[in-house]
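So the protein lines, in turn, are chains A and B. In short: position in the first sequence from 1, add 615, done, that's this note's numbering. In short: position in the second sequence from 1, add 76, done, that's this note's numbering. Cβ coordinates follow ideal geometry from the N, Cα and C atoms, glycine included. Below: one structure, written as C-alpha cells.
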Amino acid sequence: MPLALIGLSHNTGATVEVREKIAFTTPGTLAHALHFLKTSLEGQAEAVLLSTCNRTELYIATSGNLSDDEITELLLEARGIAGEAETICPYLRTRHGHQAIEHLFRVSAGLDSMIIGESDVVRQVRDAYSSASHAGICGKTLNQLFHEALRVGKQARTESDLGRGAFSIGHAAAEVARNIFGVGRGQTVLLLGAGKMSETTARHLTAGGAATVLVANRTYDRAVHLAEALNGRAIRYDEFADYLAKVDIVISSTSAPHPIVTREVVEPTLRHRRRGPLFLIDIAVPRDVESTVGELPDVYLYDIDDLQQLVEEDMAERRKRAVQAEAFVRDEALAFAAKLRTQSVAVPLVSSMRAKVRTITAMELTKLRQRLPHLSDDDWQTIEATFASVENRLLHDPTLRVKEYAAAAENPEVEAKMATVRELFGLEQEENARRV
Amino acid sequence: MSVAILGLTLTCYLLGAMFLGASLLLSTTEARRPWFLISGRLFAVIGAVLHGVAIGLRCIELKHPPFTTPAESLSLLAWVVVLVYLGLEVFWKLWAAGPFALGLSFLMVVLGAVWSGRAARTGQDAALLGENAVSLHILATISAMGAFALAFCCAALYLVLHHILKSKQGLVWMKRLPPLKTVETAAFTLVALGFPLLSLGILSGMARAMGGGLSPGWATDPKTLMAYLVWGVYGVYLIARLLLRWSPVRTAYILLVGLVLCLILLAIPSAAHQFGEVRPTPS
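So this is what it looks like as C-alpha cells:
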C-alpha cells in the first residue's frame, strides 16, 4: 500500500495560532476525527492522526488513488475547518513513500522536536497509533510502520544518547543535584517562594530521589497549597534560616527585591549542619542568594544563568549526537521502505508467477497420468517431485530479481521492470481476465 | 607456572585500566559506554582471580608466605588494591577509581619484578617472615596501604568534582563521574577501615620487635618513624572529619599527603626490616 503523509509543525513555519487551529488535542476532537476518517475512507485506506502541541500529521496508507488534495481535504474536514484552507494549506507539507517513513522515524526519535531528543513525543506517537487502532482504521501497513517507528525512535535515542542531558532549567538543576548527591539519596529540599518554576524544579528533584520537601512562602496559604501538591510540608517564611542546617537543597524563587539568603544567614548554619554539601538553586530575578554564599566551603550555588548555560551546553552536545541519529534513522527508513515495497509489490507478483507455473505443471501432470496409466504410485511421486524441483529452479532467479527490483528505490524504471516481468509471464492478461 | 599466570594478570589489569579509562575519557555515547565498562570490570575481576591464584601457587611452590621479597610484597599490595577497588564497585559503583587502581596495580607488579627480579630469601629468613606476628604485621599494613591508595583516588576525584561544581566549567564531562557525596563517603569509609588495620600492623610489629630477634635500633628506625607519621596523618584525618568538621576539601588534601607518605614509607630503607640478604633464586 503506498504511504502518504500530510501535516504541519513548527518546522514548516506554522505559528502557534495556525497549529492550534488544526490541533486535535482538545477532548473529543481526535475521536470524532478518527470516526470521520473511518467513514470517509470506507476501508480503502488506513490512517493514523498524530496531533501534539507542535504538530498535526495525518498518515495514510491507501490501496486506491487518493490525491494529495483529497488527503488535505480529508484532514481539514476531520477538524471541521474546511473553510480555513487558505490559512492552513501554506504550512502543510506532503511526503510519500520512504520520505514519509523517514519523517515518522525522525519524529519518534525526537529529531524533529522543538527540543531535540525530548522523549515525550514517543508517548504521543504511541498514543496516536493506539487511538487509530482502537478506532479500527489502522491496518497491516500502518501497524508495521508505527511499531517500527517506535523501535527505531527508541534505538536512535539510546545509541546516540539523545535523551541524555538537561532539557530545561528544572531538569538542569536536577542533573547538578544528581552530580552532587547521587540518585535516590533522599535529600531534603527547601523551596523559598511558591512559584511555578520552583515547583517544576522541585518535581524534577523529587523524581530524581529527593524525599522531603519544605515550602516557605510569604503567603503561608500558598506555601501550604504547594506543599500539599508536592507531598511536603509548609514552614513559616521568617523561619527558613533555621532549616538551612537541616536541608540539602534550597530552591529560591521569591520576588524579593534584594538577596534574602545572605552569607550572614548561611555561614552560621554551616557549623550546625550535619555533614554534607548544600546545593543552592537561585532561579529568582533579581537574585535571592548573595553571590558570596557560593564561596563558602561545601556550598554550591547555581543561579538561573548557570543552569541555562548547562541547558545550552547539553543542547549543543545533543545537536552533535543528532547527526549520528539522523544517519541511523535514514538507513532504517530506507530498509523499512524496501521491506514494504517487497511486501506490497514483489510478494503478490511472485505469488502470481508461482501460481501460474503451478497451474501449468498440474495440467501437464494430469495429461501425463492419462498417457502413462501403468506407472506405480512411487513413480508418480518421483515425477511430481521432479516437476516441483524444475518449477522451483526455474523460478528461483526470477523471484530473486523481482525482490531486488522491488527493494530498490521507488522510480519509474522499477515499475517498468515489474511490468516487463508481468508481461513475460503473461500475468497481465490473466489479471485482466480475472477483473472481467 | 605462577609467573605465567602473573603475566596474564598484568595483561588483564592493563586492559581493564584501558577500558575503564576509555569509558571515562573518550567522548562516546551512553549506549557504547556500558561495553567499555563491562569489559573493564570483567578484566578487573579476571585479573584479581588470576592474581590470587598466582600468589597462592607461588606460596605452594616456594613454601613460604607471599611477602618474603619486595617483589612479592608489591604484588600482594597490588592484589589488595584491586580487591579494594572491586569492593568500591560493589558498594558504590565507583568504576571511576578503576583506571587508577588497575593502573597502579599493574605498575606495582612490574616495578616489583624490575626491582627484585626472581629473588627469594633464605629459608631461615622466610621462616622468620612466616611467624604469626610478622605475618599479621605485614598483612595488616599492606591491607591498610591498599585502602589508603583507594582513599587517595577518591580524594583526588572529590577535588576534581568540587572544582568542576564550583567553577561550573565542564559540567557535561562531570556526568561520567560518580557523585561528589559518594566519593567523599567512600574515602572516609576506606580510611575508617584502613586506620585500624594500620594500627594493628604497627602494634603487631612492635610486639614482635619487643620479643627480640631484630636489630636493637628498630624503635628509631626511619621506616618505623615514618609508619608513626602515616598513622598520625590518617588519625588527624579522622579527627578532622569526625570531630572538627573540617570541610571535605581540606580533608581531601590530607588524604593526598597521606598516600605520598605511604609511598615514602614503602620505599624508605630500613635496617630493622632487613631479614638477611636477598639472593637470586637458581633458575
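*Give the DSSP bridge partners of A/Ser-666, in chain order.*
As a position in the first sequence, residue 666 of chain A is number 51, starting the count at 1. In the DSSP assignment, the residues bridged to A/Ser-666 are A/Thr-671.
*By DSSP, does A/Leu-618 sit in helix, in strand, or in coil?*
By one-based count along the first sequence, residue 618 of chain A stands at place 3. In the structure shown, A/Leu-618 sits in a strand (DSSP, three-state: E or B).
*Between the segment 876 to 898 of chain A and chain B, which residues of the former have CB atoms less than 8 Å from a CB of the latter, in chain order?*
Going along the segment 876 to 898 of chain A in chain order, one finds Arg-886, Arg-890, Gly-891 and Pro-892 with a Cβ nearer than 8 Å to chain B.
*Using alpha carbons as the reference points, say which of A/Asp-993, A/Asp-913 and A/Ala-676 lies closest to A/Arg-886.*
Sequence index remark: in the first sequence, residue 886 of chain A carries index 271 (1-based). Measuring from the Cα of A/Arg-886, the nearest candidate turns out to be A/Asp-913.
*Reference B/Gly-116, options B/Leu-279, B/Ala-172, B/His-127 and B/Gly-287, closest by Cα*: Numbered from 1 along the second sequence, position 40 holds the residue referred to as residue 116 of chain B. Of the candidates B/Leu-279, B/Ala-172, B/His-127 and B/Gly-287, the one whose C-alpha sits nearest the C-alpha of B/Gly-116 is B/Ala-172.
*Coil, strand or helix - B/Arg-321 by DSSP*: What you label residue 321 of chain B is simply residue 245 of the second sequence in a count that begins at 1. If DSSP states are grouped into helix, strand and coil, B/Arg-321 belongs with coil.
_Looking at the strands, I want to know which residues DSSP matches up with A/Asn-832._
By one-based count along the first sequence, residue 832 of chain A stands at place 217. Residue pairing of A/Asn-832 in beta bridges, as defined by DSSP: A/Arg-851.
*Selected residue, minimal CA-CA separation from A/Ala-961, among A/Ile-875, A/Tyr-915 and A/Met-1033*: By one-based count along the first sequence, residue 961 of chain A stands at place 346. If we check each option's Cα against that of A/Ala-961, A/Met-1033 comes out closest.
*Would you identify the three-state DSSP class for A/Thr-803, choosing helix, strand or coil?*
Translated into the one-based positions of the first sequence, residue 803 of chain A becomes position 188. A/Thr-803: strand per DSSP, three-state reduction.
_Let me confirm a value: B/Tyr-234 is counted as buried when at least 16 other C-beta atoms fall within 10 Å, else exposed. Which label applies?_
By 1-based counting over the second sequence, the position of residue 234 of chain B is 158. Counting other Cβ atoms within 10 Å of its Cβ, B/Tyr-234 reaches 16 or more and is therefore classed as buried.
_chain A contact for B/Pro-324 (CB, 8 Å cutoff)_ = For this step, residue 324 of chain B is matched to residue 248 along the second sequence. At least one chain A Cβ lies under 8 Å of B/Pro-324.
*What three-state label does DSSP hand B/His-140 in the structure shown?*
Translated into positions along the second sequence, residue 140 of chain B becomes position 64. Residue state, collapsed to three classes: coil.
*Closer than 8 Å to chain B by CB, A/Ile-795*: As a position in the first sequence, residue 795 of chain A is number 180, starting the count at 1. In terms of beta-carbon proximity, A/Ile-795 lines the interface with chain B, with at least one pair separated by less than 8 Å.
*asked:* So the candidates are A/Ala-787, A/Glu-635 and A/Ala-899; which of them puts its Cα closest to the Cα of A/Gly-808?
replied: Counted from its first residue, the first sequence places residue 808 of chain A at position 193. Nearest Cα to A/Gly-808 within the set A/Ala-787, A/Glu-635 and A/Ala-899: A/Ala-899.
_Quick check on B/Cys-258 - is its C-beta less than 8 Å from some C-beta in chain A?_
By 1-based counting over the second sequence, the position of residue 258 of chain B is 182. For the record, residue 258 of chain B in the displayed sequence is Thr; it is not Cys. Taking Cβ atoms only, chain A reaches closer than 8 Å to B/Thr-258, which makes this a yes.
*Using three-state DSSP, classify A/Val-740 as helix, strand or coil.*
For the purposes of this step, residue 740 of chain A is taken as residue 125 along the first sequence, with counting starting at 1. Correct three-state label for A/Val-740: helix.
*Rounded to whole angstroms, how far is the Cβ of A/Ile-752 from the Cβ of A/Leu-652, which I believe are closer than 8 Å?*
Counting from one through the first sequence, the residue named residue 752 of chain A turns up at place 137. Counting from one through the first sequence, the residue named residue 652 of chain A turns up at place 37. About 6 Å; that satisfies the 8 Å criterion.
*Tell me where the alpha helix (DSSP H) around A/Asp-992 begins and ends.*
The residue you call residue 992 of chain A lines up with position 377 of the first sequence. Bounds of the alpha helix (DSSP H) holding A/Asp-992 are 992 to 1022.
*asked:* Judging by CA-CA distance, which residue of A/Leu-649, A/Thr-677 and A/Ile-731 is the nearest neighbour of A/Gly-695?
replied: Walking along the first sequence from the start, residue 695 of chain A turns up at place 80. For the residues A/Leu-649, A/Thr-677 and A/Ile-731, the minimum Cα distance to A/Gly-695 belongs to A/Leu-649.
*Backbone secondary structure at A/Ile-896 - three-state DSSP*: Against the first sequence, residue 896 of chain A aligns to sequence position 281. DSSP, read as helix, strand or coil, puts A/Ile-896 in strand.
*Please classify A/Ser-624: does DSSP put it in a helix, a strand, or coil?*
Within the first sequence, numbered from 1, the residue matching residue 624 of chain A stands at position 9. Three-state DSSP puts A/Ser-624 in a strand.
*How is the beta strand (DSSP E) around A/Ile-864 delimited, first residue to last?*
Start at 1 with the first residue of the first sequence, and residue 864 of chain A comes out as number 249. Start and end: 864 to 867.
*Scan the segment 249 to 274 of chain B for residues whose Cβ lies nearer than 8 Å to a Cβ of chain A and list them as they occur along the chain.*
Correct list: Met-250, Lys-251, Leu-253, Pro-254, Pro-255, Leu-256, Lys-257 and Thr-258.
_So if I threshold CB-CB distances at 8 Å, which residues from the segment 902 to 933 of chain A count as touching chain B?_
Only those residues of the segment 902 to 933 of chain A whose C-beta falls short of 8 Å from the nearest C-beta of chain B are listed: Gly-909, Pro-912, Asp-913, Tyr-915, Tyr-917, Asp-921, Gln-924, Leu-925, Glu-928, Asp-929 and Glu-932.
*Could you work out which residues of chain A lie near B/Leu-241, taking near to mean beta carbons separated by less than 8 Å?*
If you number the second sequence from 1, residue 241 of chain B lands on position 165. Within chain A, the residues near B/Leu-241 are Val-791, Asn-794, Ile-795 and Tyr-915.
*In whole angstroms, what separates the C-alpha of B/Pro-110 from that of A/Ala-948?*
Along the second sequence, one-based indexing puts residue 110 of chain B at 34. Along the first sequence, one-based indexing puts residue 948 of chain A at 333. If I take the Cα positions, the gap works out to 27 Å.
*Keeping to the same chain, check which residues put their C-beta closer than 8 Å to that of A/Val-740; ignore five residues upstream and five downstream.*
Looking up residue 740 of chain A in the first sequence gives position 125. Cβ within range, chain order: Leu-665, Leu-719, Val-722, Ser-723, Phe-761, Ala-764, Leu-765 and Gly-768.
*Please confirm if B/Arg-194 has its CB atom under 8 Å from at least one CB of chain A.*
Sequence index remark: in the second sequence, residue 194 of chain B carries index 118 (1-based). Because the pLDDT of B/Arg-194 is 48, which lies under 50, any placement of that residue in the model is unreliable, and the question is left without a value.
*Bridge partners of A/Thr-641, per DSSP?*
For the purposes of this step, residue 641 of chain A is taken as residue 26 along the first sequence, with counting starting at 1. In DSSP, A/Thr-641 forms no bridge with anything.
*If we count the other Cβ atoms within 10 Å of its Cβ and call it buried at 16 or more, is B/Ala-124 buried or exposed?*
Within the second sequence, the letter at position 48 stands for residue 124 of chain B. It counts as buried.
_Residues in the same chain with beta-carbon distance under 7 Å from A/Glu-932, minus the five sequence neighbours each way, listed in chain order, please._
As a position in the first sequence, residue 932 of chain A is number 317, starting the count at 1. Cβ neighbours of A/Glu-932 beyond the five flanking positions: Gly-780.
*Can you check DSSP and say which residues form a bridge with A/Tyr-915?*
Your numbering for residue 915 of chain A matches position 300 in the first sequence. Looking at the DSSP assignment, A/Tyr-915 forms a beta bridge with A/Phe-894.
_Tell me the DSSP secondary structure of A/Ala-860 in three-state form._
Position 245 of the first sequence, counting from 1, holds the residue named residue 860 of chain A. When DSSP states are grouped into helix, strand and coil, A/Ala-860 belongs to the coil group.
*Determine whether the Cβ of B/Leu-247 lies closer than 8 Å to any Cβ atom of chain A.*
Working through the second sequence from its first residue, we reach residue 247 of chain B at position 171. Contact with chain A is found for B/Leu-247, since one of that chain's Cβ atoms lies less than 8 Å from the residue's Cβ.
*asked:* Looking at the strands, I want to know which residues DSSP matches up with A/Thr-827.
replied: Within the first sequence, the letter at position 212 stands for residue 827 of chain A. A/Thr-827 pairs with A/Thr-803.
*Can you tell me which of A/Ala-844, A/Thr-907 and A/Thr-821 puts its alpha carbon nearest to the alpha carbon of A/Val-798?*
Along the first sequence, one-based indexing puts residue 798 of chain A at 183. Scanning A/Ala-844, A/Thr-907 and A/Thr-821 for the CA closest to the CA of A/Val-798 turns up A/Thr-821.
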